[in-house]
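2 protein chains.
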Amino acid sequence: MTEPRWLSESEQEVWRAYQTATKLVGESLDRQLQRDSGMPTTYYEILVALSEATGRELRMSELAEFTKSSRSRLSHAIARLEENGWVTRRSCPTDKRGAFASLTEDGMGVVRAAAPGHVNEVRTVLFDGLSTDQVKQLGEISAAIVAQASKGCPSDPCDE
Amino acid sequence: MTEPRWLSESEQEVWRAYQTATKLVGESLDRQLQRDSGMPTTYYEILVALSEATGRELRMSELAEFTKSSRSRLSHAIARLEENGWVTRRSCPTDKRGAFASLTEDGMGVVRAAAPGHVNEVRTVLFDGLSTDQVKQLGEISAAIVAQASKGCPSDPCDE
């Protein structure tokens, strides 16, 4: 390895503030969803992705990409959501590219019931503390991070 | 509950970009640490916090706060780090406020060996994609989120 590219003192401060901020936001949202809707954030993200898809159905590989989950983690979550009656799975006999997950009416009801509290929490922990300029900057910074982080990624991030 | 405070379309975009960006950064760092140092990010954060403490030792409650971990998750991690010989635990007979964790020489060696690759990854996925202005903005935004998110928090976030 070449000479390490250490962070300057001010970069270290930014990095620590970023770490604390993202942890606090994640924890607040986890806590709110668990308390008010009895589910972890990953489950909610899966349900929302399905609720927004055409026919409320997605290929498992698409769902893994939307939710940035590994295949094994996603399969586990989908199995639990199926037990709850919120999602159904079907495999397509003419398409070897795999199984589909669909949102049930019950699942859609769960999304509708959970959304107001979740969005309110997103506002409270994130947007309420930022100026209009900062919200815009956060969007641009996030897009730049996504572009940068995606550079080194394989085209299909889903591990079997 | 009062009328839900829905996000505008542009706020939704910012929120999604934020979610994707923070997930990608987290995953890149997890992957790098697991690949090059054989440990999850939480373990690395614990070792770093101890390495920077006076006498390379911290009260478990301090460590929980530094790493924003629940007590149970932290205890589990410390037990594993102790098995590896990187950390030792001791309880203080005159102080009922609990146990201390110390970094061993081996543990310090692990931090020293892991740090260059980790810092390099932080640069690659985060700082390299941002302008100097954006780094400054990210610091300010993160500080504002921390201030906002901390408003509703209890003074001691550690659950037993």
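The listed protein sequences derive, respectively, from chains A and B.
All residue numbers for the first sequence refer to full-length UniProt numbering, where the first residue is 1 and numbers rise by one.
All residue numbers for the second sequence refer to full-length UniProt numbering, where the first residue is 1 and numbers rise by one.
Even glycine gets a Cβ: it sits at the ideal position worked out from N, Cα and C.
For B:Glu45, is the classification buried or exposed, using 16 other Cβ atoms within 10 angstroms of its Cβ as the cut-off for buried?
With 16 or more other Cβ atoms within 10 Å, it is buried.
Does the Cβ of residue 231 of chain B have 16 or more other Cβ atoms within 10 Å, making it buried, or fewer, making it exposed?
As displayed, chain B neither begins before 1 nor continues past 160, which places residue 231 of chain B out of reach and without an answer.
Kindly give me the distance between the Cβ atoms of B:Ala13 and A:Gly139, rounded to whole angstroms, as I take these residues to be in contact under 8 Å.
According to the sequence provided, residue 13 of chain B is Glu. The question's Ala does not apply to it. Confirmed, about 6 Å.
Contact defined as beta carbons within less than 8 Å: I believe B:Leu29 pairs with B:Val122. What is the distance between those atoms, to the nearest angstrom?
Yes, they are in contact, since the Cβ atoms of B:Leu29 and B:Val122 sit about 7 Å apart, within 8 Å.
How far does the alpha helix (DSSP H) with B:Ser28 in it reach, from first residue to last?
First-last of the alpha helix (DSSP H) with B:Ser28: 9 to 37.
Can you tell me where the beta strand (DSSP E) with A:Glu57 in it begins and where it stops?
Note, A:Glu57: beta strand (DSSP E), 57 to 59.
Tell me which residues of the stretch 12 to 30 of chain B have at least one Cβ-Cβ distance to chain A shorter than 9 Å, keeping chain order.
Listed by position, the residues of the stretch 12 to 30 of chain B near chain A (Cβ gap below 9 Å) are Glu13, Val14, Trp15, Arg16, Ala17, Tyr18, Gln19, Thr20, Ala21, Thr22, Lys23, Leu24, Val25, Gly26, Glu27, Ser28.
Classify A:Trp6: buried if its beta carbon has 16 or more other beta carbons within 10 angstroms, exposed otherwise.
Its Cβ having fewer than 16 others within 10 Å, A:Trp6 is exposed.
Tell whether a beta-carbon distance below 8 Å holds between B:Arg112 and B:Ala99.
Result no, Cβ atoms of B:Arg112 and B:Ala99 do not sit closer than 8 Å.
Determine which residues of the stretch 114 to 130 of chain B have a Cβ less than 8 Å from any Cβ of chain A, and write them out in chain order.
Cβ contacts with chain A come from Ala115, Pro116, Gly117, Val119, Asn120, Val122, Arg123, Thr124, Val125, Leu126, Phe127, Asp128, Gly129, Leu130.
Could you check what DSSP says for A:Leu126 in three-state terms: helix, strand or coil?
Of the three classes helix, strand and coil, the one that applies to A:Leu126 here is coil, per DSSP.
A:Ala144 touches chain B at which residues, Cβ-Cβ below 9 Å?
Those are Ala21, Gly129, Leu130, Ser131, Gln134, listed as they occur along chain B.
Can we count A:His76 as close to the ligand SAH, meaning its CB is less than 7 Å from some heavy atom?
Summarising the ligand content, the structure contains no ligands, and the ligand SAH is consequently not present.
Whole angstroms are fine: how far does the CA of B:Glu11 sit from the CA of A:Thr104?
Roughly 28 Å separates the two Cα atoms.
How far does the alpha helix (DSSP H) with B:Thr132 in it reach, from first residue to last?
132 to 151 is the span of the alpha helix (DSSP H), which, as asked, contains B:Thr132.
Thinking C-alpha only, which one of B:Val119, B:His118, B:Ser131, B:Gly107 is nearest B:Gly85?
It is B:Gly107.
Quick one: is A:Ala147 buried, meaning 16 or more other Cβ sit within 10 Å of its Cβ, or exposed?
Exposed, by the Cβ-count rule.
So which residues of chain A does B:Val6 contact, with C-beta pairs closer than 7 Å?
In the sequence as presented, Val is not what sits at residue 6 of chain B; that position holds Trp. What B:Trp6 touches in chain A: Val119.
Which residues share a DSSP beta bridge with B:Leu103?
Paired residue(s): B:Val87.
Which whole-angstrom value describes the C-beta separation of A:Val125 and B:Ala149, a residue pair presumed to lie in contact below a C-beta threshold of 8 Å?
Right, their Cβ atoms sit about 5 Å apart.
How many whole angstroms separate the CB atoms of B:Gly117 and B:Ser8, which I take to be in contact at a CB cut-off of 8 Å?
At roughly 41 Å, the Cβ-Cβ gap does not stay under 8 Å, so B:Gly117 and B:Ser8 are not in contact.
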